[in-house]
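For the sequence shown, my numbering gives the first residue as 2, with consecutive numbering after it.
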Amino acid sequence: MQLVLISGLSGSGKTIALNVLEDAGYFCVDNLPAALLSGLAGHLLREGHARVAVAIDMRGGSGIAALPAQLKQLAAHRIDVRFLFLDARDDVLIQRFSETRRRHPLASGDKTLAEAIAEERAALETLKSLGHRIDTSHLRPNALRAMVKDFIDLQGDGAGLILLFQSFGFKHGLPLDADLVFDVRCLPNPHYDPLLRPLTGRDAAVIEFLEAQPEVMQMFADIRQFLETWLPAYIRDNRAYLTVALGCTGGQHRSVWFAERLAAHFRHKARVLVRHRSLIE
């Protein structure tokens, strides 16, 4: 049985992720207390369910702290467990709760929304490294759905590291889910060419401009060599995911080109995803 666990901060998009899994044919359970996970998994396994998705968060109580140990127990019973953690910046979460006027599960009469978010973040800190982490701060719902669908599709391809190349704009803040970050803002910027400004790093004119710059190609070679040198070490470390973030000022030209070019190069070495955080897909 394949068991996909979804956790993360309240307001980060767990309901959207669970809906994607339900649409993909998973038997889904929302808001399960962590203490009941082993019993539920055993029951569904005996009932013959092949694909199950469970959302667990702070609404189920403090027992979530025991989740890492439970995952090891489930793996020992030959249950294929995959973990998806959704995150977002505090200011984004505050805005989402303000817009929807929903109550945070940890909020109370003597606790502000910001304090409730900080308490939840601290309680979930140990879960971030259990699996694949997605920062939803600047993701539209459709973009999040696409990322979760890719997560499901690649999980079905078998074992091996999933390598995600992700472009972003520094003016929007660092992505929370990045394992490695490369800053390409020092390179020539197509933004200052009026003809290239409305284009992206996937357009032929921008590609031609960047690939004509010796320093761009040198940085690409340096980043490629770094990853080629150290990727085997990350694989030996039994990592399931490695997110490489490439950042420029606006996340439209240089970082997009780097993410696309690196993804194309490494597709024969790992299962590869590419995402552009600052482009409207």
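By construction, the Cβ of each residue, glycine as well, lies at the ideal position given by its N, Cα and C atoms.
- Sequence-distant partners of Ile95 (beyond 5 residues in either direction) whose C-beta falls short of 8 Å from its own C-beta, in its chain, are Leu114, Ala115, Ile118.
- Residue pairing from DSSP places Phe84 in a beta bridge opposite Leu6.
- A direct Cα-to-Cα measurement between Ser138 and Met148 gives close to 13 Å.
- Judged by DSSP in its simplified three-state form, Thr250 adopts coil rather than helix or strand.
- Remark: C-beta atoms of Leu188 and Val207 do not approach each other more closely than 8 Å.
- Looking at the DSSP output, Gln74 bridges to nothing.
- Boundaries for Leu181: no alpha helix (DSSP H) harbours it, while the beta strand (DSSP E) harbouring it runs 181-184, taken from the DSSP string.
- Asp151 and Ile57 have their alpha carbons spaced roughly 21 Å apart.
- The way I'd put it, the region 86-102 doesn't touch the region 29-39; fewer than three beta-carbon pairs between them come closer than 8 Å.
- Going by C-alpha positions, Gln3 is about 11 Å away from Leu75.
- Within the DSSP bridge table, the entry for His133 names Leu85 as partners.
- In this structure, Ala89 lies near Asp136, with their beta-carbon atoms less than 8 Å apart.
- By the C-beta density criterion, Phe221 is buried, having at least 16 other C-beta atoms within 10 angstroms.
- Scanning Leu22, Ala66, Phe28 for the CA closest to the CA of Pro34 turns up Ala66.
- Here DSSP, grouped into helix, strand and coil, assigns Gly14 to coil.
- For the 8 Å CB-CB criterion, Leu162 and Arg83 do not form a contact.
- Rounded to the nearest whole angstrom, the C-alpha separation of His133 and Ile153 is 11 Å.
- Boundaries of the alpha helix (DSSP H) harbouring His266: 255-267, taken from the DSSP string.
- Inclusion of Ser168 and Phe259 in the CB contact set at 8 Å is warranted, their separation being smaller than that value.
- Put simply, the backbone Cα of Leu10 is about 34 Å away from that of Arg225.
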